[in-house]
Every structure is written in structure tokens, then in C-alpha cells.
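Undergrad:
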Amino acid sequence: MERRYCKAIIEWDKDKDPSKFPFNEWLRDIVVVFGEVVGKNIHGDAWTVLVRVTEVVDESHTYADVAFIVDEAPWHLLERGFSFKLWAGREIAAVTIL
Numbered sequence: 246m247e248r249r250y251c252k253a254i255i256e257w258d259k260d261k262d263p264s265k266f267p268f269n270e271w272l273r274d275i276v277v278v279f280g281e282v283v284g285k286n287i288h289g290d291a292w293t294v295l296v297r298v299t300e301v302v303d304e305s306h307t308y309a310d311v312a313f314i315v316d317e318a319p320w321h322l323l324e325r326g327f328s329f330k331l332w333a334g335r336e337i338a339a340v341t342i343l
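For reference, each letter of the sequence shown is one residue, going 246 to 343 in the numbering used here.
If you want it as C-alpha cells, here you go:
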């Protein structure tokens, strides 16, 4: 199955080393938060996404492909210039769609 994805730049939290991520493999168990995170609770909508790191830019930024795993997810979140947070038990990165 061919997955629909968009190109993005990701700014990882300071404790994440993007060079440790596998290249060109889909990372799982990551959520897009479209709402607010209070403590460890998400208030608002959230959708599981796949992230595939394609290039390390520097010690905190990578280029990546981002794809939703369900068709019901709001595709407007993947429009050029849109930004959102990634969550994996806590906030781990900020994504901007290219």
C-alpha cells in the first residue's frame, strides 16, 4: 500500500539526538497533538502519525516524511507551512510542513 505523506522539517527536543534515529524507516507510536497537553493528558484531538527521518540538518533538526495512519485524520494539518507538536509519552518535537 502506498502511503500519502508530506515533507517536513522537525525540531527535536534538546534531549533527542536526531542522528540516532534510523534513516528512511517509519518511526511508530508518535502522535500529533491538535489541542493542549496538560501534564501527561491530551485535551483536544490527537492522531497517530508515522515519521521517517530522511536527513539530519544539525544537532536538533531533521528533514522527514510525515504520514497519518488513518484516512479520517485531518489532512489540512499536512498543508505547507502548518506546524504542530509531536508527542510520545511527552512532547518530543515541533514539525513544520514544507
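Even glycine gets a Cβ: it sits at the ideal position worked out from N, Cα and C.
Mind the definition here: the segment 273 to 285 touches the segment 303 to 310 only if three or more C-beta pairs lie below 8 Å; say whether that holds.
TA: No, because fewer than three Cβ pairs between the segment 273 to 285 and the segment 303 to 310 fall closer than 8 Å, the two stretches do not touch.
Undergrad: Within a Cβ cutoff of 8 Å, which residues of the same chain sit near D215, ignoring the five residues on either side of it in sequence?
TA: Residue 215 is absent from the model: the chain starts at 246 and stops at 343.
Undergrad: Three-state secondary structure (DSSP) at S328?
TA: In the structure shown, S328 sits in a strand (DSSP, three-state: E or B).
Undergrad: Can you check which of these residues, P319, S264, A339, is closest to R249 by C-alpha distance?
TA: Of the candidates P319, S264, A339, the one whose C-alpha sits nearest the C-alpha of R249 is P319.
Undergrad: Taking all protein chains shown into account, decide if L322 is buried (16 or more other Cβ within 10 angstroms of its Cβ) or exposed.
TA: Result: buried.
Undergrad: Can you list, in chain order, the residues of its chain whose CB lies under 7 Å from that of D274, leaving out five sequence neighbours each side?
TA: These residues qualify, in order along the chain: A333.
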